[in-house]
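Visitor: The opening residue of the sequence shown carries number 1 in the UniProt record's numbering; numbering runs sequentially from there. For every residue, glycine included, the Cβ atom is placed at its ideal position computed from N, Cα and C. Remember, predicted model here, so these are calculated numbers, not experimental data.
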Amino acid sequence: MAKARFEHMKGVFGLLPTPYDENLEIHTPDLRAAADFCCRSGQHGIVWPVMVGEFYLLGEEERIRNLDAILEEVNGRLPVIFGCSGVSIPQVVLFARAAQKAGADAVIAMAPARTNAAMAMDMYRRIAQVFDGPIVVQNHHEYAPLTGEQIASLVEEIPQIQYIKEERMPGPKHIAEVARLVGDRVKTIFGGAAGKFLPDEYRRGANGCMPACEIADLLAKVMELLWAGKEEEARELHRRLLPLIILENHPFMRYILKRRGVFTSTVERVPAGPRALDADDRREISILLKAIEQDIDAYPFGPE
């Protein structure tokens with residue numbers, strides 16, 4: 001296995017939403033801006049594209065081309081994890097091979113829809129054949145979830161599996177299960193669920209989280225407060241973030257990134273339907289943002 005550029009990845013890794021232009025093509029300048037935002041706002045790493053990045057809407061060529069753009073933009077400032085989830089195991093392997101060629105710091109993948117646990121385990125073996133850096137197992141309750149014992153078996157078998165993103169629900173209990181079984185054999189267990197349960201996940205063995213990036217700089221502060229032993233301060237900030245996290249969907253992510261001067265476009269590749277933000281939604285968001293404005297160090301919120 002090749003020596004990793006980042007020996008131990010932990011903390012809050014921002015998931016980039018994929019921006020689109022008026023022609024529904026990937027808006028590469030906005031994607032670059034989002035990666036730069038993660039670097040400049042104090043986040044601990046970058047992941048693209050997973051569910052937040054709508055991997056299921058992206059073509060192979062555009063996805064690989066934009067990985068190159070992100071890596072060029074970041075230029076080693078933070079670890080970049082490439083999302084390899086796809087519609088089939090051969091496509092997942094194609095993306096893992098592309099990550100190897102591009103120089104991604106790690107890869108993350110979950111099993112394709114309608115597969116099973118045996119196929120998921122085989123997928124990680126095949127990823128390890130073409131990518132020699134760290135592999136993140138993404139264990140999601142809707143995509144052929146693995147048991148803790150199956151994860152432990154994979155960790156034993158495949159040395160590249162050094163990280164787990166555990167997001168079977170209920171998340172904190174499953175993080176505790178994985179921590180008990182493999183906590184001493186992997187470098188970091190990451191939580192998910194947009195950071196809703198970050199303090200509880202940390203208490204049960206997670207030392208990282210992968211939320212959407214638009215307010216992940218503040219979740220990074222929560223994590224750093226926990227690392228410093230300041231649990232009540234961490235929970236107080238987390239409580240102020242929760243009403244915003246509850247509202248999170250793709251239109252919300254794009255809207256916040258535009259208000260922070262990161263995105264220039266809020267175009268959706270598929271219709272948002274009832275999830276689209278109306279004037280009342282934007283007004284409510286503005287009220288909720290007042291509770292965290294003083295915690296922002298960079299990229300302050302602009303007007304509605």
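Name the residue from D200, W48, Q162, A276 whose alpha carbon lies nearest to the alpha carbon of G183.
Guide: Out of D200, W48, Q162, A276, Q162 has the C-alpha closest to the C-alpha of G183.
Visitor: Below 8 angstroms on the Cβ atoms is my contact criterion, and I expect G191 with L181 to pass it. Report the Cβ-Cβ distance as a whole number of Å.
Guide: The Cβ separation is near 16 angstroms, so there is no contact.
Visitor: Express the C-alpha separation of D217 and E142 in angstroms, rounding to a whole number.
Guide: Cα to Cα, the separation comes out at about 28 angstroms.
Visitor: R63 and P49: beta carbons closer than 8 angstroms?
Guide: In contact: R63 and P49 (Cβ atoms closer than 8 angstroms).
Visitor: Grab the span of the beta strand (DSSP E) containing F13 for me, first residue to last.
Guide: Counting along the chain, the beta strand (DSSP E) containing F13 begins and ends at 11-15.
Visitor: Please classify S85: is it buried, with 16 or more other beta-carbons within 10 angstroms of its beta-carbon, or exposed?
Guide: S85 comes out buried.
Visitor: My parser needs the alpha helix (DSSP H) runs of 4 or more residues fully inside the stretch 92-141; what are they?
Guide: Counting only runs of 4 or more, we get 117-130.
Visitor: Classify D280 as buried or exposed, calling it buried when 16 or more other Cβ atoms lie within 10 Å of its own Cβ.
Guide: When all chains shown are included, D280 counts as exposed.
Visitor: Let me make sure I understand the geometry here. Which of C209, P251, F55 has the alpha-carbon closest to that of G273?
Guide: The shortest Cα separation from G273 among C209, P251, F55 belongs to P251.
Visitor: Note down the Cα distance separating E60 from Q91, rounded to an integer number of angstroms.
Guide: About 8 angstroms.
Visitor: For residue 333, which of helix, strand or coil comes out of DSSP?
Guide: The requested residue 333 does not occur in the structure, where the chain is confined to residues 1 to 304.
Visitor: How many whole angstroms separate the CB atoms of R260 and I292, which I take to be in contact at a CB cut-off of 8 angstroms?
Guide: At roughly 12 angstroms, the Cβ-Cβ gap does not stay under 8 angstroms, so R260 and I292 are not in contact.
Visitor: For V52, which option in K258, N249, A179 has the closest C-alpha, if you only look at C-alpha atoms?
Guide: Per the Cα distances, N249.
Visitor: If you draw a straight line from the alpha carbon of P29 to that of E149, how long is it in whole angstroms?
Guide: Answer to the nearest angstrom: the Cα atoms are 43 angstroms apart.
Visitor: Run through the stretch 36-95 for me and flag every whole beta strand (DSSP E) of 3 or more residues, listed as ranges in chain order.
Guide: Runs found: 45-48, 80-83.
Visitor: Just checking my contact of M210 with L15 at CB under 8 angstroms: how many whole Å lie between their CB atoms?
Guide: Yes, they are in contact, since the Cβ atoms of M210 and L15 sit about 6 angstroms apart, within 8 angstroms.
Visitor: Around the Cβ of Q294, are there at least 16 other Cβ atoms within 10 angstroms (buried) or fewer (exposed)?
Guide: Looking at its Cβ environment, which holds fewer than 16 other Cβ atoms inside 10 Å, Q294 is exposed.
Visitor: I think V262 touches Y202, with their Cβ atoms under 8 angstroms apart; what is that distance to the nearest whole Å?
Guide: Contact flag wrong, Cβ pair sits at about 27 angstroms.
Visitor: Do A34 and C213 have their beta-carbon atoms positioned less than 8 angstroms apart in this structure?
Guide: Yes, the Cβ-Cβ distance between C213 and A34 is below 8 angstroms.
Visitor: Buried or exposed: I81, going by 16 or more other Cβ atoms within 10 Å of its Cβ?
Guide: Counting Cβ neighbours within 10 Å, I81 comes out buried, since at least 16 surround it.
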